[in-house]
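Chains as they are written, first to last, in the working numbering: chain A, 1 to 123; chain B, 124 to 216.
Think of the CB as a built atom: it goes at the ideal place given N, C-alpha and C, for glycine as much as any other residue.
Predicted, not measured: the structure shown is a model, and the values here were computed from it.
Pasting the structure below:
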């Protein structure tokens, strides 16, 4: 076993536990927000200890400055501008920006392809 | 997936629990949902307003898995930090 690497069964259990904790945090936020912040902390402990990257689904659901759970519409603001998704944490004011250039290019490519197919069909 | 074999390594938050035996008679019979966990204690939500903190090393617990199976576990096995419990090896109860 290399330094910092864990066996596969440990990583699988860790992934499942992270998923369970974030689902609970999402459900409990409306009634007990302090609990969902606590669950984010527990999930992060597992992820850092066993070298498990956060799942993409949950990566944007907590603030990277104050580590609190974010629920869009309640303590988080989501906007699109300049080819990026902006997440603003209303607890501490931290701004997180995620580019969506890849999705834009994909959309453009599909548009050009469909146009070419149409052109060929006319000829 | 939470099974009776790996329950002591898995997440306890969210499961329903009942205390069946304890050296402190006041704790016996407490039943509810686990809402928090530390190294030595678990916090159980009994009803809407009441939560009770239970030390792990003096009690025997009945956990209920999401599939509905009941598992009996001695609290002494669970004594460790929540993220360190994954590393623990199987020990017969």
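In angstroms, rounded to a whole number, what distance separates the CA positions of residue i and residue j?
| i | j | result |
| --- | --- | --- |
| residue 134 (chain B) | residue 23 (chain A) | 12 angstroms |
| residue 30 (chain A) | residue 70 (chain A) | 12 angstroms |
| residue 49 (chain A) | residue 151 (chain B) | 35 angstroms |
| residue 206 (chain B) | residue 74 (chain A) | 29 angstroms |
| residue 174 (chain B) | residue 204 (chain B) | 21 angstroms |
| residue 136 (chain B) | residue 148 (chain B) | 24 angstroms |
| residue 126 (chain B) | residue 72 (chain A) | 34 angstroms |
| residue 157 (chain B) | residue 170 (chain B) | 11 angstroms |
| residue 106 (chain A) | residue 113 (chain A) | 11 angstroms |
| residue 63 (chain A) | residue 208 (chain B) | 27 angstroms |
| residue 195 (chain B) | residue 189 (chain B) | 15 angstroms |
| residue 109 (chain A) | residue 59 (chain A) | 28 angstroms |
| residue 96 (chain A) | residue 87 (chain A) | 5 angstroms |
| residue 111 (chain A) | residue 128 (chain B) | 53 angstroms |
| residue 211 (chain B) | residue 79 (chain A) | 44 angstroms |
| residue 118 (chain A) | residue 191 (chain B) | 57 angstroms |
| residue 132 (chain B) | residue 124 (chain B) | 11 angstroms |
| residue 54 (chain A) | residue 123 (chain A) | 51 angstroms |
Excluding the 5 residues preceding and the 5 following residue i in the sequence, name in chain order all residues of the same chain whose CB lies nearer than 6 angstroms to its CB.
| i | result |
| --- | --- |
| residue 193 (chain B) | 185 and 187 |
| residue 154 (chain B) | 141 |
| residue 139 (chain B) | 156 and 187 |
| residue 36 (chain A) | 25, 28, 29 and 69 |
| residue 6 (chain A) | 50 |
| residue 33 (chain A) | none |
| residue 202 (chain B) | 179 and 180 |
| residue 9 (chain A) | none |
| residue 116 (chain A) | none |
| residue 162 (chain B) | 204 |
| residue 183 (chain B) | 143, 144 and 197 |
With DSSP as the reference, identify every bridge partner of residue i, one or two as the case may be.
| i | result |
| --- | --- |
| residue 174 (chain B) | B:168 |
| residue 184 (chain B) | B:142 and B:196 |
| residue 76 (chain A) | A:72 and A:89 |
| residue 96 (chain A) | A:87 |
Could you check which residue in the options has the C-alpha nearest to that of residue i?
| i | options | result |
| --- | --- | --- |
| residue 94 (chain A) | A:114, A:82 and A:68 | A:68 |
| residue 90 (chain A) | A:5, A:61, A:19 and A:42 | A:61 |
| residue 56 (chain A) | A:118, A:15, A:108 and A:123 | A:15 |
| residue 144 (chain B) | B:209, B:199, B:211 and B:130 | B:199 |
| residue 101 (chain A) | A:81, A:115, A:47 and A:113 | A:81 |
| residue 83 (chain A) | A:99, A:77 and A:120 | A:99 |
| residue 104 (chain A) | A:121, A:78, A:85 and A:122 | A:85 |
By Cβ distance, which residues of its chain are closer than 8 angstroms to residue i, with the 5 residues on each side in sequence left out?
| i | result |
| --- | --- |
| residue 65 (chain A) | 89, 92 and 94 |
| residue 177 (chain B) | 142, 150, 153, 164, 165, 166 and 167 |
| residue 181 (chain B) | 145, 146, 147, 150 and 198 |
| residue 52 (chain A) | 11, 14, 15, 18 and 46 |
| residue 160 (chain B) | 135, 136, 166 and 205 |
Apart from the five residues just before and just after residue i, which ones in its own chain have a Cβ nearer than 7 angstroms to its Cβ?
| i | result |
| --- | --- |
| residue 21 (chain A) | 39, 42 and 43 |
| residue 77 (chain A) | 88 and 90 |
Is the shortest distance between the beta-carbon of residue i and the beta-carbons of chain E less than 8 angstroms?
| i | result |
| --- | --- |
| residue 45 (chain A) | No chain E is present in this structure, whose protein chains are A and B. |
Problem set entry | alpha helix (DSSP H) segments (min. 4 residues) lying fully within the segment 5–80 of chain A | 8–28, 33–49 and 56–59
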